[in-house]
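Engineer:
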Amino acid sequence: MVDIVTKPPAAVRARHSAPLLFLDRKHTERFDPEDLRIDYAEDRNFSKQPLYQGRVLLRPEIDLSVYDPRAVIDWLEIGWDSRDEQRSLNIARKIKNWLNTRGSRSTAHVMGPGRETDYWGNRFVCRIQDPDPAELRELMNFIAVTYQALPFENGRLHVTGLEVSLDFYVTNSAEMAEENRCRSLQAPHAGGFLMF
């Protein structure tokens with residue numbers, strides 16, 4: 256749920272509606288402008304803190320039960336300390352070859368601990384883009400053995416970063432068209448916030 260804190264309008268209403276603004280308008284030409292709005296419910300008592308007194312919290316009213324959410328790992332970063340000093344570009348080349356020989360769609364970028372791309376040392380971070388869960392364990396074993404990763408508390412490698420994408424797909428398109436519910440979520444938009 257996205258919470259938007261704003262100053263109250265002169266005339267207070269219990270419900271608000273805001274148009275969605277799209278960067279590429281070709282996605283919205285076929286829709287009635289009234290269908291490209293998000294309704295917001297108003298909450299004036301959302302906090303007792305003095306900072307929020309006199310402000311209004313607006314909560315988007317989106318029925319998520321009509322969507323099928325799916326989460327995917329966009330990228331995963333793993334870090335390790337190696338016994339020997341090495342160049343990050345050489346490690347990246349070996350990992351890319353390992354992925355290519357398996358026909359993987361994943362890609363890898365190896366950096367130093369400060370995210371330096373051409374790094375010489377013994378502390379590394381590898382960002383794996385679009386990691387395949389079926390090959391991830393084998394890849395981590397390859398890295399740990401090939402680069403003599405020193406043990407950490409829970410193993411040789413540790414996760415240093417992770418990005419997860421959460422997508423919402425309409426479960427019943429016909430129902431959505433009939434009720435005109437949140438069609439805007441089917442295309443990327445910029446804005447849509449009601450500002451006072």
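If you're matching positions, the sequence shown starts at 256 in the numbering used here and goes up one per residue.
In this text, a Cβ means the ideal position worked out from N, Cα and C, and glycines have one as well.
Since we're looking at a predicted model, the values are computed, not measured.
#1: Report the three-state DSSP secondary structure of Pro386 (helix, strand or coil).
#2: Can you tell me the Cβ-Cβ gap for Ser420 and Val327, rounded? I've got them flagged as a contact below 8 Å.
#3: Alpha carbon to alpha carbon, how far is Ser359 from Leu412? Give it in angstroms, no decimals.
#4: Along the beta strand (DSSP E) that carries Thr372, what are the first and last residues, could you check?
#5: According to DSSP, is Ile328 helix, strand or coil?
#6: Taking Tyr374 as the reference, which of Asn396, Ala399 and Asn345 has the closest Cα?
#7: What distance in whole Å lies between the Cβ atoms of Trp353 and Tyr402, which are believed to be in contact at a cut-off of 8 Å?
#8: How close, in whole Å, do the beta carbons of Arg392 and Val380 come, if the pair is a contact with beta carbons under 8 Å?
#9: Between Ile383, Val425, Ser361 and Phe397, which lies nearest to Val414 when the distance is taken from Cα to Cα?
Structural biologist: Quick answer:
#1: coil
#2: 5 Å
#3: 21 Å
#4: Unbroken run through Thr372: none, as it is neither H nor E.
#5: strand
#6: Asn345
#7: About 12 Å separates the two Cβ atoms, so there is no contact after all.
#8: So it is not a contact: roughly 19 Å between Cβ atoms.
#9: Ile383
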